[in-house]
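K.L.:
Line by line, the protein sequences are chains A and B.
Heads up: the first sequence at position 23 corresponds to 23 in my numbering, and the numbers run straight through without jumps.
Heads up: the second sequence at position 2 corresponds to 148 in my numbering, and the numbers run straight through without jumps.
Quick reminder that beta carbons are idealized off the backbone N, C-alpha and C, glycines included.
Since the structure is predicted, the reported quantities are computational estimates derived from the model, not experimental observations.
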Amino acid sequence: MAAIRIAVSSSLYRYLSPAFASGVSLRKLSNQSVHYDSKYFEKLVKDKKVVLFMKGNPSAPMCGFSRLVVQILHMHGVDGYDHHDVLQDVDFKEKFKEWSEWPTFPQLYLNGELVGGADIVLQLHQNGELVEELEKIGHCSALLDK
Amino acid sequence: MAAETELELEIKKKLTDQLEPTHIELKDISGGCGKSFEVLIVSEKFKDKPLLERHRLVNGILSEEIKLLHAFSQKTYTPEQWHKMNN
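1) The segment 50-80 of chain A: which residues have C-beta closer than 9 Å to a C-beta of chain B, in chain order?
2) Please compile the residues from chain B whose C-beta is within a distance smaller than 8 Å of the C-beta of PRO103 of chain A.
3) Measuring CB to CB, does PHE192 of chain B end up less than 7 Å from THR224 of chain B?
4) Quick check on MET62 of chain A: does DSSP put it in helix, strand or coil?
5) Compare the C-beta of LEU197 of chain B against all C-beta atoms of chain A and say whether one is closer than 7 Å.
6) Considering just the uninterrupted stretch of the beta strand (DSSP E) at TYR109 of chain A, what are its terminal residues?
7) Just checking: is the beta-carbon of SER25 of chain A within a distance shorter than 7 Å of some beta-carbon in chain B?
8) Within the same chain, show all residues whose beta-carbon is closer than 6 Å to that of GLU171 of chain B, passing over the 5 residues directly before and after it, in chain order.
9) For the alpha helix (DSSP H) that contains GLU166 of chain B, what are its first and last residues?
10) I want to verify the contact list: residues of chain A whose CB lies under 9 Å from the CB of HIS201 of chain B, in sequence order.
11) Taking the alpha carbon of HIS169 of chain B as the reference point, which residue from B:SER176, B:ILE175, B:HIS216 and B:LYS158 has its own alpha carbon closest?
12) For ASP119 of chain A, which three-state DSSP category applies?
13) Which residue marks the beginning of the alpha helix (DSSP H) containing ASP91 of chain A, and which one marks its end?
14) Going along the chain, which residues of its own chain have a beta-carbon closer than 6 Å to the beta-carbon of ALA142 of chain A, five neighbours each way excluded?
15) With respect to the beta strand (DSSP E) encompassing SER182 of chain B, which residues constitute its N-terminal and C-terminal limits?
16) Which bits of chain E does GLN123 of chain A rub up against, with CB to CB less than 7 Å?
17) Measuring alpha carbon to alpha carbon, tell me which of B:GLU150, B:GLN164 and B:LYS195 ends up nearest CYS179 of chain B.
18) Taking the DSSP output, what are the residues bridged to LYS103 of chain B?
19) Indicate the three-state DSSP secondary structure (helix, strand or coil) for ALA56 of chain A in the structure shown.
20) PRO103 of chain A and VAL69 of chain A: beta carbons closer than 7 Å?
21) Where do the N-terminal and C-terminal ends of the beta strand (DSSP E) with TYR223 of chain B fall, by residue?
22) Shortest alpha-carbon distance to ASP37 of chain A belongs to which of A:ILE137, A:LYS95, A:TYR109 and A:ASN57?
23) Measuring alpha carbon to alpha carbon, tell me which of B:LEU214, B:SER219, B:ILE207 and B:LEU208 ends up nearest GLY64 of chain A.
Right, here's the structure in full:
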């Protein structure tokens, strides 16, 4: 019963969410052929140099912590990164947390490596280390131009 | 101020027992429901550990509790860092 309720509410959410259409590489909901295994997740985090797993999407974050990371990336001039809305798929959300061994979202990956959640990204932003981390992946932070 | 909830006490106890912090602050940031916390921990056990590892350590200690929360935010410092920040 619970499973049915989840399926209904998440597909309803998708239907109601105007942001859905603009999201990149969102998994096909209820697509049984997608196996959320480590191989799948490893590929996902390495697909682009910057990959963000968040609640909502960059133009409409659904939680303050996700919004914070989006804003920080924006300040550094990081655009066009991959993002995945974990609210679209409960199964994906839970399996990804297990795989990454990180219990919360957002999760930011640079070059396939977990940088951290909002707390860490904020701290790296404040102490200047995020500029260096971005440099390592070949991105010159927009904050350096100022 | 409402009395500390059971969850709040449990989180504080686990962190205190396992990290032996010289300073710990737990703040309810939920605005009512009591399911969102912000924690500040100052502990010698964070020494020589990068941020990600510190957070993993805390996440591990609170693995059961975090599942029950809507939001969990943490700040982790060594006594030395904490001292520098406050002087």
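P.N.:
Reading from the atomic positions:
1) CYS63, GLY64 and PHE65
2) Here residue 103 of chain A corresponds to residue number 103 of the first sequence, with the count starting at 1. Chain B residues near PRO103 of chain A: ASN205, SER209, ILE212, LYS213 and PHE218.
3) Taking the first residue of the second sequence as 1, we reach residue 192 of chain B at position 46. Taking the first residue of the second sequence as 1, we reach residue 224 of chain B at position 78. The answer is yes: Cβ separation under 7 Å.
4) For the purposes of this step, residue 62 of chain A is taken as residue 62 along the first sequence, with counting starting at 1. Note: MET62 of chain A maps to coil in three-state DSSP.
5) Along the second sequence, read from residue 1 onward, the residue named residue 197 of chain B stands at position 51. It does; some Cβ of chain A falls within 7 Å.
6) By 1-based counting over the first sequence, the position of residue 109 of chain A is 109. Segment 107-110, the beta strand (DSSP E) holding TYR109 of chain A.
7) Taking the first sequence and counting its residues from 1, the one referred to as residue 25 of chain A is at position 25. Note that SER25 of chain A has pLDDT 49, beneath the 50 cutoff, so the model's placement of it is unreliable and the number below is only indicative. Not one chain B Cβ lies under 7 Å of SER25 of chain A.
8) Walking along the second sequence from the start, residue 171 of chain B turns up at place 25. Closer than 6 Å at the Cβ level, and outside the excluded window around GLU171 of chain B, lie LEU186.
9) The residue given as residue 166 of chain B occupies position 20 in the second sequence. Careful: GLU166 of chain B lies outside any alpha helix (DSSP H) and carries neither H nor E.
10) For the purposes of this step, residue 201 of chain B is identified with residue 55 of the second sequence, where counting begins at 1. Against HIS201 of chain B, the close residues of chain A are TRP102, GLY116, GLY117, ASP119 and ILE120, in the order they occur along the chain (beta-carbon pairs closer than 9 Å).
11) By 1-based counting over the second sequence, the position of residue 169 of chain B is 23. Answer by Cα proximity: B:LYS158.
12) As a first step, residue 119 of chain A must be located in the first sequence, where it is residue number 119. Residue state, collapsed to three classes: helix.
13) To locate residue 91 of chain A, count along the first sequence from 1; it is residue 91. DSSP places ASP91 of chain A in the uninterrupted alpha helix (DSSP H) bounded by 90-100.
14) Translated into positions along the first sequence, residue 142 of chain A becomes position 142. Answer for ALA142 of chain A: HIS76 and GLY77, listed in chain order.
15) Stepping through the second sequence from its first residue, residue 182 of chain B is reached at position 36. Unbroken beta strand (DSSP E) run through SER182 of chain B: 182-188.
16) Reference to chain E is not applicable here, since the protein chains of this structure are A and B.
17) By 1-based counting over the second sequence, the position of residue 179 of chain B is 33. Of the listed residues, the one whose Cα sits closest to CYS179 of chain B is B:GLU150.
18) As shown, chain B starts at 147 and ends at 233. That puts residue 103 of chain B outside it, with no answer to give.
19) Along the first sequence, read from residue 1 onward, the residue named residue 56 of chain A stands at position 56. The sequence shown places Gly at residue 56 of chain A, rather than the Ala named in the question. Correct three-state label for GLY56 of chain A: strand.
20) The residue you call residue 103 of chain A lines up with position 103 of the first sequence. The residue you call residue 69 of chain A lines up with position 69 of the first sequence. No, the pair does not count as a contact, with Cβ atoms beyond the cut-off.
21) Within the second sequence, the letter at position 77 stands for residue 223 of chain B. Looking at the DSSP string, the run of the beta strand (DSSP E) that includes TYR223 of chain B is 217-223.
22) For this step, residue 37 of chain A is matched to residue 37 along the first sequence. Measuring from the Cα of ASP37 of chain A, the nearest candidate turns out to be A:LYS95.
23) The residue given as residue 64 of chain A occupies position 64 in the first sequence. Comparing Cα positions, the closest option is B:SER219.
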